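Residue numbers (our numbering): 70 to 158.
Just so it is clear, CB atoms sit at the ideal spot from N, CA and C, and this is done for glycine as well.
Since the structure is predicted, the reported quantities are computational estimates derived from the model, not experimental observations.
Reading through the structure tokens given below for one structure.
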């Protein structure tokens, strides 16, 4: 993995862990650990854009309470699928 890609992934993981609400910390930090390393560059860029969205909107999209913006529909669906594999304590 190139240094630029590795640094980008590290930054995205940090941004995933340090959100405005605890629920999104848990959801996005788990997703980032599971998926970012194998994610293609274009999708990393989309995920980076997603992290600029409001946490309340993100939570509504991830929990299925609201329909996500079209550009994020596939990645939100993937986040939901990945969450189904997580064991919450």
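Secondary structure note for residue 142: its alpha helix (DSSP H) is the uninterrupted segment 142-152.
Under the 10 Å beta carbon count, residue 85 is surrounded by 16 or more other beta carbons and is classified as buried.
Counting every other CB atom within 10 Å of its CB across the protein chains shown gives residue 144 a total of 16 or more, marking it as buried. Counting every other CB atom within 10 Å of its CB across the protein chains shown gives residue 90 a total below 16, marking it as exposed. The shortest CA-to-CA distance from residue 119 to any of 107, 106, 134 and 101 is the one to 101.
Apart from sequence neighbours up to five positions away, the residues of its chain that approach residue 117 with a beta-carbon distance below 7 Å are 81, ordered along the chain. Between residue 93 and residue 127, the CB-CB gap stays under 8 Å.
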